[in-house]
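**Student:** Going left to right, the sequence shown walks through residues 1 to 181 as our numbering numbers them.
Backbone N, C-alpha and C define an ideal beta-carbon position, used for all residues, glycine too.
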Amino acid sequence: MKNRMYPQYPAVILSAVCLLLLSSGCATIPKGAAAVSNLDKTRYLGKWYETARFDFTFEKNLNNTTAEYTLRKDGYISVLNKGYNYKKNKWEEARGKARFRGSDTTGALEVSFFGPFYGAYNIIALDPDYRYALIAGSSTKYLWILSREKTIPDEVKQHYLAEAESLGYDTGKLIWVEHNQ
1 MKNRMYPQYP AVILSAVCLL LLSSGCATIP KGAAAVSNLD KTRYLGKWYE
51 TARFDFTFEK NLNNTTAEYT LRKDGYISVL NKGYNYKKNK WEEARGKARF
101 RGSDTTGALE VSFFGPFYGA YNIIALDPDY RYALIAGSST KYLWILSREK
151 TIPDEVKQHY LAEAESLGYD TGKLIWVEHN Q
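In structure tokens, the structure reads:
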């Protein structure tokens with residue numbers, strides 16, 4: 001006797017996989033991390049130097065990397081990322097936009113450089129003077145340390161490394177960005 005329910009199994013499995021993928025795509029901050037509260041977005045705007053990052057495709061072979069944030073008329077934030085590609089011997093830039101995922105006083109944003117596709121940008125540590133920031137993506141695959149200057153004091157660096165490690169980041173994989181141009 002044939003089991004007539006067998007043809008339904010692929011559809012059930014496919015539905016379960018799609019549900020799993022959709023629900024995992026909702027993760028916008030690494031487990032245990034929290035975006036800063038009481039953020040003053042106007043103080044956060046301006047130029048930041050990328051001090052350290054995990055390497056990934058869009059910043060491969062870049063040094064002297066910066067991010068500049070400005071407020072747009074529509075409430076979004078303009079993002080201008082620049083870096084010097086030392087393999088191609090030329091400057092590269094990417095323009096995008098960011099928006100808050102909730103309140104504009106919480107450091108939970110999403111950034112897009114490609115139309116409707118957004119990635120998580122979470123400010124998980126920020127000094128009171130808005131000079132240094134620790135940024136997490138949606139998972140422990142994305143991490144940045146930013147500074148208003150080309151360098152960061154060792155005590156801030158050690159504090160941010162400890163914070164990242166407590167969240168499961170492998171800080172030994174960080175690339176320390178050169179700012180020599």
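Should residue 30 and residue 139 be called a contact, given that it needs their Cβ atoms to be closer than 9 angstroms?
**Tutor:** Counting from 1 along the sequence shown, the entry for residue 30 is found at position 30. Counting from 1 along the sequence shown, the entry for residue 139 is found at position 139. Yes, Cβ-Cβ distance for residue 30 and residue 139 is below 9 angstroms.
**Student:** Quick check: what's the CA-CA separation for residue 22 versus residue 104?
**Tutor:** Numbered from its first residue, the sequence shown carries residue 22 at position 22. Numbered from its first residue, the sequence shown carries residue 104 at position 104. Residue confidence for residue 22 is low, a pLDDT of 31 falling below 50, so the modelled location carries little weight and cannot support an answer.
**Student:** Quick one: residues in its chain with C-beta nearer than 7 angstroms to the C-beta of residue 35, no 5 flanking neighbours on either side, listed in chain order?
**Tutor:** If you number the sequence shown from 1, residue 35 lands on position 35. Answer for residue 35: 29, 106, 107, 108, 122, 123, 124, listed in chain order.
**Student:** Report all residues from its chain with a CB closer than 7 angstroms to the CB of residue 26; omit the five preceding and five following residues, and keep chain order.
**Tutor:** Position 26 of the sequence shown, counting from 1, holds the residue named residue 26. Bear in mind that a pLDDT of 48 at residue 26, under 50, signals an unreliable position, so the number given afterwards is only what the model happens to contain. If we look at residue 26 and ignore the five residues flanking it on each side, it has no Cβ neighbours.
**Student:** Based on Cα-Cα distance, which residue from 132, 155, 154 lies nearest to residue 145?
**Tutor:** What you label residue 145 is simply residue 145 of the sequence shown in a count that begins at 1. Comparing Cα-Cα distances from residue 145 to each of 132, 155, 154, the minimum goes to 132.
**Student:** Look at residue 85 and residue 94 and say whether their C-beta atoms are less than 9 angstroms apart.
**Tutor:** On the sequence shown, residue 85 is found 85 positions in, with the first residue counted as 1. On the sequence shown, residue 94 is found 94 positions in, with the first residue counted as 1. In this structure, residue 94 does not lie closer than 9 angstroms to residue 85 by Cβ.
**Student:** State yes or no: is the C-beta of residue 136 within less than 9 angstroms of the C-beta of residue 33?
**Tutor:** If you number the sequence shown from 1, residue 136 lands on position 136. If you number the sequence shown from 1, residue 33 lands on position 33. Yes; because the gap between Cβ atoms is below 9 angstroms, this pair is in contact.
**Student:** Look at the alpha carbon of residue 64 and the alpha carbon of residue 150, and state the distance between them as a whole number of angstroms.
**Tutor:** Within the sequence shown, the letter at position 64 stands for residue 64. Within the sequence shown, the letter at position 150 stands for residue 150. So the alpha carbons of these two residues sit roughly 9 angstroms apart.
**Student:** Hey, out of 159, 100, 49, whose CA is closest to residue 67's CA?
**Tutor:** The count along the sequence shown starts at 1 and reaches residue 67 at position 67. Considering only alpha carbons, the answer is 49.
**Student:** Express the C-alpha separation of residue 111 and residue 120 in angstroms, rounding to a whole number.
**Tutor:** On the sequence shown, position 120 is the one that residue 120 refers to. On the sequence shown, position 111 is the one that residue 111 refers to. One C-alpha to the other measures close to 6 angstroms.
**Student:** If you follow the beta strand (DSSP E) that residue 70 is in, where does it begin and where does it stop?
**Tutor:** For the purposes of this step, residue 70 is taken as the residue at position 70 of the sequence shown. Note, residue 70: beta strand (DSSP E), 62 to 71.
**Student:** Which residue wins for smallest C-alpha separation from residue 62, given the options 75, 154, 51, 83?
**Tutor:** The residue given as residue 62 occupies position 62 in the sequence shown. Selected option, being the one with the closest Cα: 83.
**Student:** Less than 7 angstroms between C-beta atoms, sequence neighbours within five positions excluded: which residues of the same chain meet that for residue 87?
**Tutor:** Taking the sequence shown and counting its residues from 1, the one referred to as residue 87 is at position 87. Here the set comprises 61.
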